[in-house]
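First comes the structure, then the notes that go with it.
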DNA sequence: CTGAAAGCGCTTACAG
DNA sequence: CTGAAAGCGCTTACAG
């Protein structure tokens, strides 16, 4: 107690090891610069004093926080979780920590959280959603903060984008559905920008393949299981029933399927279903769901990789990194 | 550019507003102390200069990081997600940020992540898993860091625990199962400490109710959907088939149910199933799953609440905060 | 390979 | 209600 209970600082370690605090600092940040014998004494001193560096002080002095902010709408039931997990894993092995910002599904808290990240002088900010607030975009630009946008490939990224073309997803689904011989698609979409891009891709490709205009339904709230369920019921009341339902999430698809099974509708013969996201569930329930797989972990790794390269001083020309996607053909369509 | 592109600091704001930097600091941290007219000038200066405080400097000076570390095994498919989400939401409205640490399902990275949190001088560390590493426990004790353990109520918490009794869960399930008239339970458990506590609670209560020793199976890896599936098949080969399967996760239960349906086994008449966790899925698939609901969000809010009270100087005597649990009786048992 | 010293951008008693 | 000044615990040219 007393003296002992004080939190040790760099100087305490230096004193024990009989060197200057500058040398101890180098031992941590630039070990190649210190002599082997000195390093050994410092190592012992660190162990003896239970020293843990103060990275607030270190960050202030070096203007490197070793903190990366990751912004995501939510994590309760999110398609982004694999991405966040990969990022956190990759970053923490490199000694960086991640600030997790939950912006809300409408991204309403984004500006506030970006400010909090800038106040901590985050080395980088990674976004999974869209940053639409112009004042915040300006603030970020002004401070020349590294920003990685993920899960999409906007025309004009703030900095660098790692993702895939949502429009291309829609087009591929249209081609697949048409190729399978379905002729009366019904679209179940969320109202977000990206779901709308997929929808437009589908519609354009479908039209150019000569298909009749699909019926559709757009949900302004987050698409959940219950929406899929309700949608199945309303589908049954249509004059001309669809032969395939293209859903903007696996949740919608699963809800639809559970109701279809309960109603004794044969899938895919009487009604086919296509999802999006390839949740674990999609491959494990009966029937298995035909859907689109996004390698979320890869998006996370690529994003961190870009950060590392830039931290190493590399000038990165590429503004778009396309990780693509895969149509997973299973039982439901 | 040039002068303009420099990041503004407190002094710059002070100069524009015609006050000292101490006053600007007070404007942010103790607004009640500054005169209304002065505050107005400072507000204008902040807006004009696009000032964002440097909280590394602030934290160093005040020895308050406004950073809370949250440690969780994973977030990909985690039962803790609602807890983490609630914590992040609560903390960020108060201006605190959260460092998300992913320890791995075996908690192997816990010591490394705790060090990272201590190095950032986190105001508190919240755990969802168990911290078994003694050296790390000692380190935390030595630094007198606030630690909240959640999702369990260990006999001797490091500091404060917010959770529920896993043993009581097992006991309640045993009572329920027995009351429903089931007589040949089979237990499907994960090998973790907490799942084992639930198992023991079940066994003890079952025995005292006069039940015959249940058959059982323990999984050393994380219990997933596939394990439930495989379990169903091996159950069919037992001499005396169980009439109810008590699973340590809803994933196991769901896997079992899908196989049971496929095999034409009637649930719950021929085979009943009980899960744990009350995942969204448990109420939405057919048949719906009888399971145990834990209010994860409440655990998160209570944990943050404890932090706030302590930050406000309150001395907290209570070392255990029990949030309880609820048996959700549905179709599967 | 090592040390002395200035500086990073704040906060906070202390004095008025 | 406000200011001058010391201090928070590091890093990093600079000099040797």
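Residue numbers (the UniProt record's numbering), protein chains in the order written: chain A, 1 to 333; chain B, 1 to 333. The beta-carbon is built from N, C-alpha and C at its ideal position, and this holds for glycine as well. For clarity, every value in this text was computed on a predicted model and none was experimentally measured.
request  = Assign residue 189(A) to one of three DSSP states: helix, strand, or coil.
outcome  = Strand, per DSSP.
*asked:* Measuring only the C-alpha atoms, how far is residue 212(A) from residue 77(A)?
replied: When the Cα atoms are used, residue 212(A) and residue 77(A) turn out to be separated by approximately 35 Å.
Practice item. Buried or exposed for residue 126(A), please, with buried defined as at least 16 other CB atoms from any protein chain shown within 10 angstroms of its CB. Key: Buried.
| Taking three-plus beta-carbon pairs below 8 Å as touching, is the stretch 239-258 of chain B in contact with the stretch 188-204 of chain B? | A contact exists between the stretch 239-258 of chain B and the stretch 188-204 of chain B.
Checklist entry - In chain order, which continuous runs of the beta strand (DSSP E) of length 3 or greater are located wholly inside the stretch 215-247 of chain A? => result Taking only runs of at least 3 residues, the beta strand (DSSP E) segments lying wholly in the stretch 215-247 of chain A are 215-219 and 244-247.
* Determine, using beta-carbon pairs with one atom in the stretch 283-294 of chain A and one in the stretch 68-77 of chain A, whether at least three such pairs fall under 8 Å. => The stretch 283-294 of chain A is not in contact with the stretch 68-77 of chain A.
- Task: Take residue 317(A) and list the residues in its own chain whose beta-carbon comes closer than 7 Å to its own, dropping the five residues that flank it on each side.
- Result: Taking C-beta separations shorter than 7 Å and ignoring five residues to either side along the sequence, residue 317(A) has no partners in its chain.
Three-state class that DSSP yields for residue 209(B) in the structure shown: Coil at residue 209(B), not helix or strand.
Next item on the list: With 9 Å as the limit, tell me which residues of the stretch 200-226 of chain A have their beta carbon closer than that to any beta carbon of chain B; keep them in chain order.
Entry: Of all residues in the stretch 200-226 of chain A, 224, 225 and 226 have a Cβ within less than 9 Å of some Cβ in chain B.
ask   = Taking 8 Å as the CB-CB cut-off, is residue 1(A) touching chain B?
value = Model confidence at residue 1(A) stands at a pLDDT of 34, short of 50, so the residue's coordinates are unreliable; what they give is reported in the following sentence. Residue 1(A) does not count as touching chain B.
Q | Local Cβ density within 10 Å of residue 171(A), reported as buried at 16 or more and exposed below that | A | The residue is buried, with at least 16 neighbouring Cβ atoms inside 10 Å.
Review point. Buried or exposed: where does residue 22(A) fall if 16 or more other Cβ atoms within 10 Å of its Cβ makes it buried?
Key: Looking at its Cβ environment, which holds fewer than 16 other Cβ atoms inside 10 Å, residue 22(A) is exposed.
>> Taking 8 Å as the cut-off, does the stretch 287-304 of chain A touch the stretch 28-39 of chain B (at least 3 CB pairs, one atom from each stretch)?
In response: No contact exists between the stretch 28-39 of chain B and the stretch 287-304 of chain A.
query = Going straight from the alpha carbon of residue 264(A) to that of residue 116(A), what length do you get?
reply = Near 53 Å, if we compare the C-alpha coordinates of residue 116(A) and residue 264(A).
| said: Measuring straight from C-alpha to C-alpha, what distance separates residue 180(A) and residue 215(A)? | reply: Straight-line Cα distance between these residues: approximately 19 Å.
Original post:
Which of the three DSSP states, helix, strand or coil, is assigned to residue 294(A)?
Top reply: Residue 294(A) falls in the coil class under three-state DSSP.
- prompt: If you check the beta carbons only, do residue 73(B) and residue 103(B) fall under 8 Å apart?
  reply: The criterion of a C-beta distance shorter than 8 Å is satisfied by residue 73(B) and residue 103(B).
Same chain only: Cβ atoms within 7 Å of residue 225(A), ignoring 5 sequence neighbours per side
Once the five neighbours on either side are set aside, the close Cβ partners of residue 225(A) are 251, 254 and 255.
Alpha carbons only, please: which of 153(A), 64(A), 26(A) and 7(A) is nearest the one belonging to residue 142(B)?
Minimum Cα distance to residue 142(B) is reached at 7(A).
| task | Measuring only between beta-carbons, confirm whether residue 190(B) sits less than 8 Å from chain A. | result | No, residue 190(B) lies away from the interface with chain A (no Cβ there is under 8 Å from its Cβ).
Q. My guess is that residue 274(B) and residue 177(B) are in contact by the Cβ rule of under 8 Å, so how many angstroms apart are they, rounded?
A. For a cut-off of 8 Å, the C-beta gap from residue 274(B) to residue 177(B) is around 7 Å, short enough to register as a contact.
- Three-state secondary structure assigned by DSSP to residue 322(A): In the structure shown, residue 322(A) sits in a strand (DSSP, three-state: E or B).
Task: Simplified DSSP assignment, three categories, for residue 76(B) - done: In the structure shown, residue 76(B) sits in coil (DSSP, three-state: anything other than H, G, I, E or B).
- Item | Inter-residue Cα distance where the pair is residue 166(A) and residue 100(A) | Distance between the alpha carbons of residue 166(A) and residue 100(A) is about 25 Å.
Note down the Cα distance separating residue 20(B) from residue 14(B), rounded to an integer number of angstroms.
-> The C-alpha of residue 14(B) is placed about 5 Å away from the C-alpha of residue 20(B).
Task: Beta-carbon proximity check, residue 163(A) vs residue 150(A), cutoff 8 Å - done: In this structure, residue 163(A) sits near residue 150(A), with a CB-CB distance shorter than 8 Å.
For a contact meaning CB atoms closer than 8 Å, what does residue 85(A) contact in chain B?
What residue 85(A) touches in chain B: 74, 75, 76 and 102.
| said: Residues in the same chain with beta-carbon distance under 8 Å from residue 222(B), minus the five sequence neighbours each way, listed in chain order, please. | reply: Here the set comprises 105 and 190.
I believe residue 184(B) touches residue 240(B) by the beta-carbon criterion, under 8 Å. Please report the beta-carbon distance rounded to the nearest angstrom. That belief holds up - the Cβ atoms of residue 184(B) and residue 240(B) are roughly 6 Å apart, short of 8 Å.
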